[in-house]
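Participant: For reference, the structure I am asking about is given below.
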Amino acid sequence: MANVLIIDDDLEMCTMLCDLVNHVDHEAAYAQTLADGLRLAVSGGFDVVFLDVRMPDGNGLEVMKDILEIDFPPEIIVMTGMGDSDGAEKAIRNGAWDYIQKPLSPKKIIQPLNRVLQYRDNIRTMNRPTRNLKRAGIVGDSPQIQECLNTVAKASQSLSNVLITGETGTGKELFARAIHTNSSRARHRFVVVDCAALPENLVESALFGHEKGSFTGADKATDGLVGMANGGTLFLDEVGEMNLNLQKAFLRVLQERRYRPVGGKKEVDSDFRLVAATNRDLSAMVKQGTFREDLLYRLNAISLHLPPLRERLEDLPALVTQLSTKIYSTLGVKPKPFYQDFFAALSGYHWPGNVRELVNTLEASISDAYYEPELFSKHLPERIRITMARSAVAPVVLEKGEMPADTPVVPTPEVSAEVDPGPRTASPATTAVTPSPVADNDEPLGDRLSTYKVYRESVLNRAEKKYLQKLMKTTRGNIKEACATSGLGRTRLYTLLKKHSVDRMGWGVED
Ligand SMILES: Nc1ncnc2c1ncn2[C@@H]1O[C@H](COP(=O)(O)OP(=O)(O)OP(=O)(O)O)[C@@H](O)[C@H]1O
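Numbering of the sequence shown is given in numbering that gives the first Met the number 0, commencing with residue 0 and proceeding in unit increments.
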């Protein structure tokens with residue numbers, strides 16, 4: 000079933016078209032002005048727009064550009080007046096899928112509608128690289144994770160080196176394994192080299208192996224990690240920790256896929272696929288002279304950046320469910336329900352250790368509630384409850400009617416009862432406020448100081464939101480222009496708009 004939008008000022012025409020579209024089992028909506036039509040189109044989800052040219056508030060062709068700039072835009076079929084060949088030409092030039100001439104008949108509507116829907120189905124099928132992807136334990140369906148899975152799918156089909164970046168605990172090794180599992184090398188080994196843990200005096204031998212007798216203690220020949228990865232995938236974890244000597248040696252191995260074992264006379268081939276990972280900024284290290292630029296280029300043929308958990312909190316419920324099920328099954332205990340305040344507390348935390356910290360947190364909470372039937376926020380580790388309590392009493396300065404973006408969901412009775420927050424300021428939602436410019440040096444502070452971190456975060460959040468509202472106003476919601484003005488990428492911009500609930504077209508109501 001498809002969603003069709005009809006933009007025409009003639010009410011009779013709109014209802015006739017809606018009936019027709021419903022008759023062939025699709026959904027239809029209509030708007031009688033361009034402004035209403037554009038608002039509906041931007042709200043999303045339409046596959047096709049039937050657009051009339053002559054409208055009371057302007058020429059339909061003028062709004063085409065705005066409609067086509069929507070993310071996943073609908074196809075536009077323009078309805079021109081009889082004999083208006085200029086209008087037809089302009090429609091096509093502006094990017095219309097097709098045009099039809101009035102007077103309309105069911106056939107004139109249904110034929111292009113079916114064609115357009117067939118075309119969109121084909122595109123969707125082609126663009127679904129993740130359809131047969133094995134997730135290999137990766138949980139999450141947020142747009143950010145979907146994008147990462149798309150890259151995993153592409154990387155699995157290719158032999159190019161992959162560089163995975165992201166904060167600690169975001170799943171770099173998990174995603175590296177997923178690339179291997181989905182590749183044609185899955186039957187061979189996935190060999191992990193932890194560059195931070197390579198013993199300094201045995202680095203070469205650990206990586207490239209050695210011949211018998213090549214040094215004291217080498218009583219038999221050994222394959223190194225690079226040799227073991229032959230036919231499979233070599234995963235260089237924490238690649239930013241490699242010293243410059245090793246970087247040089249590795250660059251050569253990468254270029255030639257050959258190496259010489261310690262004490263060996265001959266070079267040996269190893270056909271490995273390389274995936275590297277780091278939580279460090281390798282470009283900055285190149286500038287500082289601590290990482291080779293040529294090695295970075297080699298590693299970075301395909302790049303995959305994993306988002307921190309705090310930027311995709313919508314994945315929390317699925318993560319909590321799946322990770323806790325795994326923990327319960329390891330313990331041999333029947334899963335227990337979570338009380339709602341448990342989730343609220345998790346969503347209010349900023350997860351500096353990302354999913355690894357979530358795993359540890361769940362393990363700790365489950366063990367704490369071992370003899371109890373249900374998990375409450377009071378079972379969470381103390382550091383999370385303290386952060387929650389502190390944020391709940393932070394002197395956040397709010398715009399009129401504004402809810403703090405990153406402050407936790409309602410402080411729970413358990414948190415308030417167990418951690419004495421000291422004298423209370425008014426709760427953030429009810430604090431009386433005088434609007435003041437964001438990022439002003441004279442940012443007013445309450446009587447009671449929060450931690451520097453909490454204060455800084457709240458100020459930054461408000462500044463970020465204000466910037467986005469201004470950006471949308473200045474660019475009138477035009478994403479392309481907003482990206483150019485702000486220097487932000489499309490995905491990042493959408494993520495920020497979502498995070499701060501800034502409506503692309505809502506700039507008219509900016510406070
Ligand atoms: N999207 C995810 N779905 C399910 N589990 C995840 C996800 N991301 C991470 N994890 C889990 O979190 C833990 C840490 O993941 P992993 O070791 O892959 O992170 P990392 O980014 O390599 O960390 P570091 O940089 O500290 O080495 C593992 O238990 C992993 O299974």
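For glycine and all other residues, C-beta sits at the position ideal for the given N, C-alpha and C.
Ignore the nearest five residues each way along the sequence and tell me which others in Lys-520's own chain have a CB closer than 8 Å to its CB.
Facilitator: Because the chain spans 0 through 510 in this model, residue 520 falls outside it and cannot be assessed.
Participant: Quick one: Cα of Ala-228 to Cα of Arg-272, how far?
Facilitator: The alpha-carbon atoms of Ala-228 and Arg-272 are separated by roughly 8 Å.
Participant: Less than 7 Å between the CB of Lys-247 and some heavy atom of ligand 1, yes or no?
Facilitator: Flag unset: Cβ of Lys-247 not near ligand 1.
Participant: Please say whether Cys-17 and Ala-1 have beta carbons closer to each other than 8 Å?
Facilitator: Cβ distance not < 8 Å, so Ala-1 and Cys-17 don't count as in contact.
Participant: DSSP on Ser-157, reduced to helix/strand/coil?
Facilitator: If DSSP states are grouped into helix, strand and coil, Ser-157 belongs with coil.
Participant: Quick one: using the 10 Å Cβ neighbour count with 16 as the cut-off for buried, is Arg-384 buried or exposed?
Facilitator: Buried is the call here.
Participant: What span of residues does the alpha helix (DSSP H) with Leu-295 cover, start to end?
Facilitator: Looking at the DSSP string, the run of the alpha helix (DSSP H) that includes Leu-295 is 292–298.
Participant: Could you give the distance in angstroms between the alpha-carbon of Ala-493 and the alpha-carbon of Leu-345?
Facilitator: Sequence inspection shows Tyr at residue 493; the Ala mentioned does not correspond to that position. The straight-line gap from Cα to Cα measures roughly 24 Å.
Participant: Please tell me whether, using a cut-off of 7 Å, the distance from the CB of Ile-301 to the nearest non-hydrogen atom of ligand 2 is below it.
Facilitator: Looking at this structure, you won't find ligand 2 anywhere; what it does contain is ligand 1.
Participant: For the 8 Å Cβ check, are there 3 or more pairs between the segment 94–112 and the segment 69–82?
Facilitator: Because the criterion of three Cβ pairs below 8 Å is met, the segment 94–112 and the segment 69–82 touch.
Participant: Could you tell me which residues DSSP puts in a beta bridge with Leu-330?
Facilitator: Its beta-bridge partners do not exist; DSSP assigns none.
Participant: Where does the unbroken beta strand (DSSP E) through Phe-49 begin, and where does it stop?
Facilitator: Looking at the DSSP string, the run of the beta strand (DSSP E) that includes Phe-49 is 47–51.
Participant: Where does Tyr-338 fall in DSSP's three states?
Facilitator: Coil at Tyr-338, not helix or strand.
Participant: Exposed or buried, which one is Ile-91 when buried takes at least 16 other CB atoms within 10 Å?
Facilitator: Exposed, by the Cβ-count rule.
Participant: Considering only their Cβ atoms, is the gap separating Val-52 from Ile-6 smaller than 8 Å?
Facilitator: Going by C-beta atoms, Ile-6 is not nearer than 8 Å to Val-52.
Participant: In this structure, how does DSSP classify Ile-137 when only helix, strand and coil are distinguished?
Facilitator: The answer is coil: DSSP assigns Ile-137 none of H, G, I, E or B.
Participant: Throw me the rounded Cβ distance for the Leu-563 and Ile-66 pair, which I believe falls under 8 Å.
Facilitator: The question about residue 563 has no answer here: the residues shown for the chain are numbered 0 through 510.
Participant: Are the CB atoms of Val-190 and Leu-224 nearer to each other than 8 Å?
Facilitator: In contact: Val-190 and Leu-224 (Cβ atoms closer than 8 Å).
Participant: Please state the DSSP three-state secondary structure of Ser-500.
Facilitator: Here Ser-500 sits in coil by DSSP.
Participant: Could you round the C-beta distance between Asn-93 and Leu-60 to whole angstroms and report it? I think they count as a contact, below 8 Å.
Facilitator: Yes, they are in contact, since the Cβ atoms of Asn-93 and Leu-60 sit about 6 Å apart, within 8 Å.
Participant: For Ser-159, count neighbouring C-beta atoms within 10 Å of its own C-beta (all shown protein chains included) and say buried if the count is 16 or more, exposed if not.
Facilitator: Looking at its Cβ environment, which holds fewer than 16 other Cβ atoms inside 10 Å, Ser-159 is exposed.
Participant: Glu-203 lies in the alpha helix (DSSP H); which residues open and close that run?
Facilitator: 202–207 is the span of the alpha helix (DSSP H), which, as asked, contains Glu-203.
Participant: Examine ligand 1 and report whether any of its heavy atoms sits within less than 7 Å of the Cβ of Asp-9.
Facilitator: No.
Participant: Considering only the alpha carbon of each residue, which of Pro-334, Gln-321, Tyr-29, Lys-464 lies closest to Tyr-370?
Facilitator: Of Pro-334, Gln-321, Tyr-29, Lys-464, the residue nearest in Cα terms is Pro-334.
Participant: In the DSSP assignment, what are the bridge partners of Tyr-466?
Facilitator: In DSSP, Tyr-466 forms no bridge with anything.
Participant: For a test of the three-state rule: what should DSSP assign to Arg-257, helix, strand or coil?
Facilitator: Correct three-state label for Arg-257: strand.
Participant: Throw me the rounded Cβ distance for the Ile-178 and Ser-155 pair, which I believe falls under 8 Å.
Facilitator: So it is a contact: roughly 5 Å between Cβ atoms.
Participant: Quick one: any contact between the segment 168–184 and the segment 340–355, if contact means 3 or more CB pairs under 8 Å?
Facilitator: Short answer: they touch.
Participant: Using C-beta distances below 7 Å, list every residue in its chain close to Ala-363, excluding the 5 sequence neighbours before and after it, in chain order.
Facilitator: Here the set comprises Pro-380.
Participant: Look up Asp-7 in the DSSP assignment and say whether it is helix, strand or coil.
Facilitator: Residue state, collapsed to three classes: coil.
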